[in-house]
Amino acid sequence: MQEETIDVKNILGLQLPTDPRWVDLTAISIEAILTDHAYCEQKAATTCISLIQRYSEYEKMITELAPIVTEEWGHFRSVLTELHKRGLKLGRQRKDLYVNELMAFQKKGGHVDDRFLDELLTMALIEARSCERFKRLSEGLNDSYFRKFYRKFMESEAGHYTLFITLAEHYLPKPKVRKRWKEWLEFEKELMNKMEIRGDRIH
Ligand SMILES: [Fe+2]
Ligand SMILES: [Fe+2]
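So in my numbering, the last spot in the sequence shown is 217, and the numbers never skip.
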């Protein structure tokens, strides 16, 4: 029997949907949410560059991630354009509690394969949660312009989520990837549960 790629059909596989109140909260300050969004895109681009720098022996990964860097940076530029169009400014980067907690869950020692796997799965998870959040915005906002705006990001991040999982399964045994992914999903559920709902944050 052909082994299925995990959770690709269910776009997200996430264990906890975003609190519906969050969508309304984001509408309070467009400048704040767009600023946070811009830095999420910047961090996605930066992390892909960092993976390329540190794992140069993984040729397939480099080939696949090189265009993602361009895409994420394009996202950053779109968000920046959106801010400027409205006479708003890119604010300061905030402390990213969500990402920091995920990083703390990554294996730091042990075999390089385990660390590599965790780095790929962290990216998959951030992409998945971002995708889910963009989906909420694209469906729940009153402003039809912004509904369309976020829909584009949602589609793009869905592709990234699956790419990181596919890369993990390319380099590592599928059962190992699957087992660890479940642990990540569980951890993320707990994290989402304890995090404050803030309208000035994508996560
Ligand atoms: Fe992006
Ligand atoms: Fe992405």
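Note that beta-carbon positions come from the ideal geometry of N, C-alpha and C, so glycine has one too.
Look up LEU102 in the DSSP assignment and say whether it is helix, strand or coil. coil
Assess, as a yes-or-no matter, whether the region 197-207 is touched by the region 112-121 under the definition of 3 or more beta carbon pairs within less than 8 Å. yes
Same chain, Cβ closer than 8 Å to VAL83, five either side skipped, listed in chain order: ALA59, CYS62, ILE63 and ILE66
Determine the direct distance from the alpha carbon of HIS89 to that of PHE167, and round the result to whole angstroms. 8 Å
Is any heavy atom in ligand 1 found nearer than 8 Å to the beta carbon of GLU217? Sequence inspection shows His at residue 217; the Glu mentioned does not correspond to that position. No.
Taking DSSP as the reference, what is the three-state secondary structure of PRO187? coil
Less than 9 Å separating the beta-carbons of ARG91 and ILE44? no
Assign MET168 to one of three DSSP states: helix, strand, or coil. helix
Quick check on this structure: which residue in GLU169, GLU171 and ARG147 has the alpha carbon closest to the alpha carbon of ILE216? ARG147
Tell me which residue opens and which closes the alpha helix (DSSP H) that GLN149 is part of. Residue identity check: residue 149 is Lys in the sequence provided, not Gln. It spans 126-154 - the alpha helix (DSSP H) in which LYS149 sits, taken as one unbroken run.
Put ILE82 into one of helix, strand or coil per three-state DSSP. helix
Out of LYS208, HIS184 and TRP195, state which residue places its alpha-carbon closest to the alpha-carbon of ILE76. HIS184
With hydrogens ignored, establish whether the beta-carbon of GLU141 is closer than 8 Å to any heavy atom of ligand 2. yes
Quick test of the definition: if touching needs 3 or more C-beta pairs under 8 Å, does the region 100-112 touch the region 191-198? no
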